[in-house]
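Numbering (the numbering used here), first residue to last: 5 to 468.
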Amino acid sequence: MTDNFWQNIEEYRKLRGDPLRWISPCSLEVDPQIVKRALTEIKRSTIKMAPFWFDTYFHIEGKEPELTRRVYDLSNPIVDKEVEVKRALAVLRVHSATAESPQKLSETLTKFFSVFKTKVAIASAAVATTEHQNAQFALLDYIELRRGIKDGYMPALSSFEQITDVTKGPEDEIHIKVAMTDAIERLNLLGCGNSAAFKFFPIYDAPAEEMLDKIRTNLDAFMSRYNLVMEDYSSLKRGSLFYGTSAISVTNKELPTHYEQVEEGMDVMITNKFGGLDAVSLHALSLSNPDNPARFEQAGIPISYLNTAKDEALKSLSEPHFALGKIISKYCPDFGQSYDRSAHITAVYPVGASGIFALGTLAALVNAHIDINELPVRHPHIAKFATKESLVGNSTASQHGCHILVGARDVLNLVVEDLRQHHFSPERIGLIAKKGAPSIAIEKDASEYVAQKARLAYLLKPPG
């Protein structure tokens, strides 16, 4: 098995992929705090990037949005003719050495942004890391706004494959499934309950035409399986393995993101337990070193149990939870109608690979102190071992299905009933304690699940 593992790894590396970088962070995404700090150092740029988990446009009755794609060399960008559109989605892929330093990332982004003369606002920006210097790129998907009658919202976002199933080869469909499902998951969380309204603009690449053909075949198979709509886009032509997408949907409901309406005393719940991605990391480590299975067994983690946990996580990452979109939509006001705290979900936020650190982002969005009195974690024995041995930086990094909901208790009680009917395991974990300054207090010992002690201390620091 170990020999097969390293044969797979070699195949990924021949395609300039990144099959191992995700193992400790449980993601290939650049740390959002590093991106945030890097952007604060950029001055006088026509491109304004303020990363958020989605961007939103009004949907115009009877009109389809136009998307114009541009792909650039990140380190040596050349802009022949700028697109005269004011808003865009973005996917950036930066070298790992750059990704680890806010200053280096800021310098790279400043150089890239400096070639643009036209003002562009970017809200949804997915920033990936790579081991390969020549695999860097910057992609902008410009979305043109139209005039007309507004009949709903059109959330838009970009995503990429953040975890690699190294038990499968680079040509396996699992990679497309993971990349596409990540986008679907966040659109569902926004209450986009009609999958027929989803549209995908695939972002993919590989150095060989045979591999590109396989990726296209896998894309077609995924779209056909769920009856989804995909625009036909060519590869990035950068010559390095990559799986991702931009995606939009349409909803005739108000979005469940009333962050400014969050009140003291409201409940904070999660739709499923934190964690799960650590099992995928430990499984990869069990294959990478013949000594690791015995080491894990001695720690009370049977390989059969680890395999089951890994399969559970990958199933979650690769199979869309369309029921989530229908449930969230049920508790949103119709487009143009007022939010009612007694009938509607007040706010949502995705957890993803951030795990409990998503709570810190939520606290900033709602400008409040949040008291967390429960910390339910999936497979706690795996999570504690991975943390103690510093194999995984953040064992609360979560598989799909785990999201934060905020609202009045009576509303969330109804949401809980609906979620349980669709195999979610929602739990109340805390409440909005005090408005006015963002901070987090966790009653349980979170250090059992986070090896990055400085990062955890920053999350739990008192306000002021």
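Glycine is no exception: its CB is placed at the ideal position from the N, C-alpha and C atoms.
* Roughly how many angstroms lie between the CA atoms of L379 and S394, to the nearest whole one? -> 20 angstroms
* With hydrogens ignored, establish whether the beta-carbon of Q302 is closer than 6 angstroms to any heavy atom of the ligand COA. => With respect to the ligand COA, the structure offers nothing, as it holds no ligand at all.
* To do: Taking V2 as part of the alpha helix (DSSP H), name the residues at either end of that continuous run.
  => For residue 2 there is no data in the structure shown, the boundaries of the chain being 5 and 468.
* **Residue range of the unbroken beta strand (DSSP E) whose run includes A160** => K154 to F164
* Is it true that the CB of P324 sits closer than 7 angstroms to the CB of T185? -> yes
* **Contact check, S93 vs A160, beta carbons under 7 angstroms** => One point to set straight first is that residue 93 is Leu, not Ser, in the sequence displayed. Yes, they are a contact pair.
* Among residues of its own chain, excluding the 5 on either side of Q403, which ones have a beta-carbon nearer than 7 angstroms to its beta-carbon? -> G280, L281, A317, S320 and L321
* A455 and G411 look like a contact to me (Cβ under 8 angstroms); what is the Cβ gap, rounded to whole Å? -> Not confirmed; about 33 angstroms, so no contact.
* **Anticipated Cβ contact below 8 angstroms, V131 with V98, distance rounded** => 7 angstroms
* Count the other CB atoms, across all protein chains shown, that sit within 10 Å of the CB of L149; report buried if there are 16 or more and exposed otherwise. => exposed
* Asked: What three-state label does DSSP hand N256 in the structure shown?
  -> coil
* By a C-beta neighbour count over all protein chains shown, 10 Å radius and 16 as the cutoff for buried, is S253 buried or exposed? -> buried
* To do: Spatial neighbours of T50 within its chain, please: CB distance less than 8 angstroms, with the 5 preceding and 5 following residues excluded, ordered by chain position.
  => F117, F120, K121, T122, K123 and V124
* Output yes or no for whether 7 angstroms exceeds the beta carbon distance between A1 and F204. => One cannot answer for residue 1 here, as it falls past the ends of the chain, which runs 5 to 468.
* To do: Leaving aside the five residues before and after L423 along the sequence, list all residues of the same chain whose C-beta is less than 7 angstroms from its C-beta, in chain order.
  => T275, I331 and P430
* Is the CB-CB distance between E352 and L193 below 7 angstroms? -> One detail in the question is off: residue 352 reads as Val in this sequence, not Glu. Result yes, Cβ atoms of V352 and L193 sit closer than 7 angstroms.
* To do: Answer yes if the region 170–188 comes into contact with the region 206–226, meaning at least three C-beta pairs across the two stretches below 8 angstroms, and no otherwise.
  => yes
* **Inter-residue CB distance, L71 and V272 (contact presumed, cutoff 8 angstroms)** => That belief does not hold up - the Cβ atoms of L71 and V272 are roughly 36 angstroms apart, past 8 angstroms.
* To do: Count the other CB atoms, across all protein chains shown, that sit within 10 Å of the CB of N80; report buried if there are 16 or more and exposed otherwise.
  => exposed
* Report the residue from K85, L143 and T261 whose alpha carbon sits nearest the alpha carbon of D59. => T261
* Looking only at its own chain, which residues have a Cβ that is under 7 angstroms from the Cβ of A183, when we skip the five neighbours before and after it? -> S163, F164, E165, Y247, G248 and T249
* To do: Within its chain, find whatever has a CB closer than 6 angstroms to the CB of A139; leave out the 5 residues flanking it on each side and keep chain order.
  => R20 and S244
* Hey, which unbroken runs of the alpha helix (DSSP H) at 4 residues or more fall wholly within the region 9–45? -> 36–44
* Asked: Between which two residues does the beta strand (DSSP E) harbouring F141 extend?
  -> F141 to E148
* Asked: With DSSP run on the structure shown, which of helix, strand or coil describes N417?
  -> helix
* Spatially closest choice to K465 from D449, P442 and E452, by CA coordinates -> P442
* Asked: Excluding the five sequence neighbours on either side, which residues of its own chain have a C-beta within less than 6 angstroms of the C-beta of E235, listed in chain order?
  -> F205
* **Alpha carbon of W26 to alpha carbon of Y462, nearest angstrom** => 23 angstroms
* To do: Tell me where the alpha helix (DSSP H) around L318 begins and ends.
  => I307 to S322
* To do: Report the residue from N231, A210 and I446 whose alpha carbon sits nearest the alpha carbon of S238.
  => A210
* Write down the C-beta distance between G340 and L259 rounded to the nearest angstrom, noting that I regard them as a contact closer than 8 angstroms. => Contact doesn't hold; Cβ gap of about 12 angstroms is too wide.
* Chain-order list of residues whose beta-carbon lies under 8 angstroms from that of D78 (same chain, five-residue window excluded) -> Here the sequence assigns Leu to residue 78, which means Asp is not the residue at that position. For L78, where only same-chain residues beyond five positions count, the Cβ hits under 8 angstroms are L96, R97, V98, T112, F116, Q140, F141 and A142.
* Asked: Does the Cβ of H385 have 16 or more other Cβ atoms within 10 Å, making it buried, or fewer, making it exposed?
  -> exposed
* What is the DSSP secondary structure of H287, reduced to helix, strand or coil? -> helix
* Based on the DSSP secondary-structure assignment, which residues constitute the bridge partners of L71? -> I147
* Asked: Are V469 and T171 touching if we call contact CB-CB under 7 angstroms?
  -> With the chain represented from 5 up to 468, any question about residue 469 goes unanswered, as that position is not in the structure.
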